[in-house]
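If you use the working numbering, the sequence shown corresponds to residues 36 to 174, in order.
Ideal Cβ positions, reconstructed from N, Cα and C, are used throughout, including at glycine.
Reviewing the structure listed below.
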Amino acid sequence: MERNAQRASQRDQRPEQRHAADERPRAVDRIKRPDVLGVDPVETMLLAQIQRAGCVPSPLGIARDDEQSLEQKIREGLECDVLCLSGGVSMGTRDHIKPLLAEIGEVHFGRIAFKPGKPLTFASVQQEGRMAYAFGLPG
36 MERNAQRASQ RDQRPEQRHA ADERPRAVDR IKRPDVLGVD PVETMLLAQI QRAGCVPSPL
96 GIARDDEQSL EQKIREGLEC DVLCLSGGVS MGTRDHIKPL LAEIGEVHFG RIAFKPGKPL
156 TFASVQQEGR MAYAFGLPG
């Protein structure tokens, strides 16, 4: 018991250690929006992993489930080097993302032999003289 109290005392006397990553805004601090109840867990995970990789995420929010809204969000997202889409990727007629990406670029694959995540789209799009890449993930 005395030993635990001694360790706690030593721990309290140590200077606080900070990392460079602590200075950056965290993804989870930036995605709470008034138009969404709660927090989207997929978006939270993607933003955190993008930041962890040393990149700067640009959350686009949620698109309505219609072709015009989806296309607008995709074109907006392709202004970045890499676009990660969450939701709207499925198999067959319920896949809304792959046909839109095929219209504006080249879809390299639309599914993988891996569960979970079988429906996964990867495409490249020539955008204003540069190549942009899009990943469509199931929601």
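Residue from the options whose Cα sits closest to the Cα of residue i
{"i": "L118", "options": "C90, K150, R99", "result": "C90"}
{"i": "P92", "options": "A98, T79, G174, S125", "result": "T79"}
{"i": "M126", "options": "Q162, E111, A148", "result": "A148"}
Backbone CA spacing between residue i and residue j [nearest angstrom]
{"i": "D130", "j": "G123", "result": "6 Å"}
{"i": "I139", "j": "I132", "result": "11 Å"}
{"i": "G164", "j": "S121", "result": "26 Å"}
{"i": "I109", "j": "E102", "result": "10 Å"}
{"i": "H143", "j": "K153", "result": "15 Å"}
{"i": "R87", "j": "E141", "result": "28 Å"}
Three-state secondary structure (DSSP) of residue i
{"i": "A88", "result": "coil"}
{"i": "E78", "result": "helix"}
{"i": "R129", "result": "helix"}
{"i": "S104", "result": "helix"}
{"i": "E141", "result": "strand"}
{"i": "L120", "result": "strand"}
{"i": "L136", "result": "helix"}
Beta carbon of residue i nearer than 8 Å to that of residue j
{"i": "L113", "j": "V77", "result": "no"}
{"i": "L155", "j": "L172", "result": "yes"}
{"i": "L105", "j": "P94", "result": "no"}
{"i": "C180", "j": "A158", "result": "Because the chain here runs from 36 to 174, residue 180 falls outside it and cannot be looked at."}
Burial state of residue i (16 or more Cβ within 10 Å)
{"i": "D100", "result": "exposed"}
{"i": "K150", "result": "exposed"}
{"i": "G96", "result": "exposed"}
{"i": "D75", "result": "buried"}
{"i": "G145", "result": "buried"}
{"i": "G174", "result": "exposed"}
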